[in-house]
Every structure is written in structure tokens, then in C-alpha cells.
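Participant:
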């Protein structure tokens, strides 16, 4: 007897093939055990999916749900999009590893905006974190990268100095143990403190651990604007020197004056691939980015963490220097103000309850509304919020470039959505259905099979998974049922907390998690260990 039998469904198997047969799918013990045009036999549950498409569960290779997954129902945001596996630990920040002596520093400096310290963190290693997820129960599958910033804070706090031999050794030791615990690689966020303080040689030493242990290197590059080609050369150099796979996070070219670089960006990757480097990227299907307000400040001002920053902002000469460098730039620093301008940067989330009205407003509007100079006003806001991370959305790209990058044969889809309060970037709720609605149904730049491949089979291959990302006999039963012509990402910048339409059933490891618009409360998800 089957545990679940899906009848009369159009199959898109995740490989990118254009074949779309109508089949039945038999599932038992969390695995697909039969796919045929007509399966006879009894089942504990039967779903008649006539008129619907069955696809592998989507894989979000760029998630920031490290804290959200601690609460089983908080993953509904991703599940309702058809996501059955998300990869945590991106952009240099992961919730492990560290040790007891550095735990508070990591949580305070990297996760203050989402209240992780207040949750009573007891783990220190990736393995212990995975055990905690198992105890809590998971509705979704997860894998995790190891954040370089997490390693750096654990070894040397928020120092801007180069790592010494002892500190470097500690980072390598923590990374090696994390890979042994099942982490899938290393991530960097080289525009953020403290990752931005590391030189290429520091990352190369850590990359050598991946060469020995397995895993890939995923980078939020040092620059995504005017110096993007230099940043790409750094990523490529690391991959080639360490002989490891590399992956560029949320590939983009930011800033209207930098759009002429798109062809060269693509050429850099294609040439590296032709020269034998295993290099891929992910893209989100929007032309606005999202990060923290602190990313607008020059890197040196963030050394030492929030307390040191606040002291600098109260110092007249330091404050003047910060404003001057935001206005005029700093060699080698990606200046987000230059990429977008105050009139195209919006506050998405803010912690202070008396300032919630600022959410959804541009920095330019808010400063003018209070009769203030925007540069001064922003620094005063950071002081008022005690240096806590304020999330922003910046309109710094255009859709034509998004199409170019998203269409690349080595580009997969990642949401880069940051869970939290306020009005988040709609990619948190809408990334995967938006790919289908906008880029398949409306623009026709991808076929449905191509889009699904970019969200399933291609991503599974990057993650070394042979039994997920495809619908085939022997694969794990991560399956979604969708009505492609009616898939709509309802999340907008004005109303971002809207679930999509058109993805009615989501199955994780053979268990129906979403059906008829409801979460069933089941928790079959697991922490999946990377197999090199």
C-alpha cells in the first residue's frame, strides 16, 4: 500500500527536459517508488491532481532563515512558495560555530536585529544546532553554510586587523569541525563588517579547509557596483587557487552608472568556466536589493561593534568624516548611497516602537519631513536605535539586467529574504512564484521546465544532492503541485506579507505539509548533511 498516491498529474521532473507526461506518482516511506501512466493499488491518501503540474520541491540556495527555522510554523513563508529545502548561513553569517566564550559576541554583533540572544541559545557547533532543530521539529529541510563573519567574530571579535596565526588557526579549526558536522561550505559577506576587514589571503586559507574536507565557497562579493570586476576576480582566484567550487551570491550590478559592466561580468564567469572552474551563481527576480542601514557607513566606522560605532557618531570630527566619505566615496568601498540615492532607499524594518511609522518611507522623505539634512538624520537615527540593525530596501538595479543574469545557464534562484518585523522585501514571500508569474508567464524569457530546473535540479547538483531536486523513482518525495497559469506572487513592496497563489500542495519527504491553503502541522523536515 502506498502512503500517498498522486493521480493524473502533469510531470515536470526538474531536469529541464521539455517532456511533460501525465502520470501517477506513488510515494512510500518518504520516497518516490513508482511513476507510471496508470498506477493500480491502494493508498492511505490519494490526491487527484488532474490539470495540475507536479514538480520537485523548490530549493532556496540563498536563505537567511537560520533563526526562523527554529520555530516549525515560521517556515510556512517558504513552504507556501513551494520551497522544501533552504540553505542557511549565507553572506558570512551563520548561527554556528563558536565557543561558549565567544557566543555572546557572535549573537550580539551578527544577530541583534532578530533577537537570537533572547532565545537562550545553548548550542555552539553546527552539529548541536542541527540537534536543536530536530528537537524543535522542522516542517522544511535545511542545509547550512558556515559564515566567515561568524568564524571571525568567534576568533577575534569585531577587530579590523588582519588575523594572526593563532586567530587564523582557530577559524580553520571551527570551519573543519563544522564541515565534519555536515555544513556544505563557507560563505562570505565581504561588504559587511567584520568580513570586509579580511584580505584575500585570509579567505584563501579557509578555502584550503574546503579543499581538504569538501564543500563549496559562496560569496557575497566585496563589490557589486563599480569595482565588481575586481571582486569577481577575487572570487575566481580563490576558487582556482584552492581548487574548490565557487558560487556567487545574488549576482547583480548595482548603480545606474555601472550597467555597462554587465557584459564583462557575464564574460568573466563564462571564461572561468571554460578554464575549468566550477562556478555558478544565484539571482533573485527583483530589481531592488535589501540590506541593513549600517551598510551605508564606511567599514572603518563599524570596527568594534555597536558601542564603538555610537561613540564615533557622537564625536564631531568622526561624524564629519563619516558623512564626507558617504558623500564622496572611499577607495575600494561599495557606496550604497551612490548606487541608489536617498530617494530610492526605503526603511523596511525598524526596532524602535516609536519609529514604526518610518517603515515603507524613503530616507529622503523622512529627513525632509523632519527638516533635516539626510546625512545627519541617518546618523541620528542609528544613535536613536542604539546601533541596532535597521533593514532597508534600495532600488539600484533594473529588470533588463535581472533577465540577463537569471537566464544564464549556470544561474539558479535564491530568495535572499530576511525574516523579521516590519515591511520586508517581497522576495521573502514571493521569490519562487514570481519567477513563474513574471519570467515564464508574462515575459516568456524562460520555459516552465527551465524555470523549475533553476529552482530544483540545478540547485540540487550544486549542493551535491543526488536524491532531491528531481522527480524520479528512488528520489526523496519532495513534491509540489501547482497550477502554472495561475501562479501569482501576491507579495508587493507596499504589501509584502502576502502568500502566493497557485501552489496548493507541498509535500516534504512524503508528508503533506501544505494542502488546500493550510499548514498541516507535520514536521518531517531534517538537517541534511553535505556529502562531497
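Residue numbers (the working numbering): -10 to 521. Glycine included, every Cβ here is placed at the ideal spot set by N, Cα and C. These figures come from a predicted structure and were not determined experimentally.
1) Determine the direct distance from the alpha carbon of residue 312 to that of residue 299, and round the result to whole angstroms.
2) Since I believe residue 54 is in contact with residue 67 (beta carbons under 8 Å), could you give me their beta-carbon distance rounded to a whole number of angstroms?
3) Since residue 381 and residue 279 are thought to touch, with beta carbons under 8 Å apart, how far apart are those beta carbons, to the nearest angstrom?
4) If contacts are defined as beta-carbon pairs under 8 Å, then residue 428 and residue 471 qualify, I think. What distance do you get, rounded to the angstrom?
5) DSSP three-state call for residue 377: helix, strand or coil?
6) Residue 205 bridges to which residues according to DSSP?
7) Between the C-alpha atoms of residue 379 and residue 410, what's the straight-line distance to the nearest angstrom?
8) Do residue 173 and residue 204 count as a contact pair if the criterion is CB distance below 7 Å?
9) Of the residues 282, 306, 305, which one's Cα is nearest the Cα of residue 295?
10) Over the uninterrupted alpha helix (DSSP H) stretch that includes residue 419, give me the two end residues.
11) Between which two residues does the beta strand (DSSP E) carrying residue -3 extend?
12) Specify the secondary structure class of residue 473 as computed by DSSP and reduced to three states.
13) Specify the secondary structure class of residue 69 as computed by DSSP and reduced to three states.
14) Under a three-way DSSP split, which group does residue 115 fall into?
15) Can you give me the C-alpha to C-alpha distance between residue 186 and residue 208, rounded to a whole angstrom?
16) For residue 508, which residues of its own chain have a beta-carbon under 6 Å away from its beta-carbon, when the five flanking residues on both sides are left out?
17) Report the partner residues of residue 384 according to the DSSP bridge assignment.
18) So residue 42 and residue 132 are supposed to be a Cβ contact under 8 Å. How far apart are they, rounded?
19) Report yes or no: do the segment 466 to 481 and the segment 85 to 104 share at least 3 C-beta pairs separated by less than 8 Å?
20) By Cβ distance below 6 Å, which residues in the same chain neighbour residue 189 in space, the five residues on each side in sequence not counted?
21) Identify whether residue 132 lies in helix, strand or coil by the three-state DSSP scheme.
22) What number of angstroms, rounded off, separates the C-alpha of residue 512 from the C-alpha of residue 33?
23) Quick check on the burial criterion: 16 or more other C-beta atoms within 10 angstroms. Buried or exposed for residue 389?
Facilitator: The short version:
1) A direct Cα-to-Cα measurement between residue 299 and residue 312 gives close to 14 Å.
2) Correct: roughly 7 Å between the Cβ atoms.
3) Sure, about 7 Å apart at Cβ, within 8 Å.
4) Contact annotation, residue 428 with residue 471: C-beta distance approximately 15 Å; criterion of less than 8 Å not satisfied.
5) Here residue 377 sits in coil by DSSP.
6) Answer is 174.
7) Their Cα atoms are separated by approximately 10 Å.
8) Yes. Within cutoff.
9) The closest CA to that of residue 295, considering only 282, 306, 305, is found on 282.
10) Residues 416 to 423.
11) Following the DSSP letters along the chain, one finds residue -3 inside the beta strand (DSSP E) bounded by residues -7 to 0.
12) Three-state DSSP puts residue 473 in a helix.
13) DSSP places residue 69 in coil when its eight states are reduced to three.
14) Note: residue 115 maps to helix in three-state DSSP.
15) Taking the straight line from one Cα to the other gives about 15 Å.
16) Excluding positions up to five away in sequence, the list reads 65.
17) Bridge partners of residue 384: 277.
18) About 26 Å; that fails the 8 Å criterion.
19) No: the two stretches stay apart, fewer than three of their Cβ pairs being nearer than 8 Å.
20) The beta carbon of residue 189 sits closer than 6 Å to those of 223, all from its chain and outside the five residues before and after it, given in chain order.
21) If DSSP states are grouped into helix, strand and coil, residue 132 belongs with the strands.
22) C-alpha separation (whole angstroms): 19 Å.
23) By the 10 Å Cβ count, residue 389 comes out exposed.
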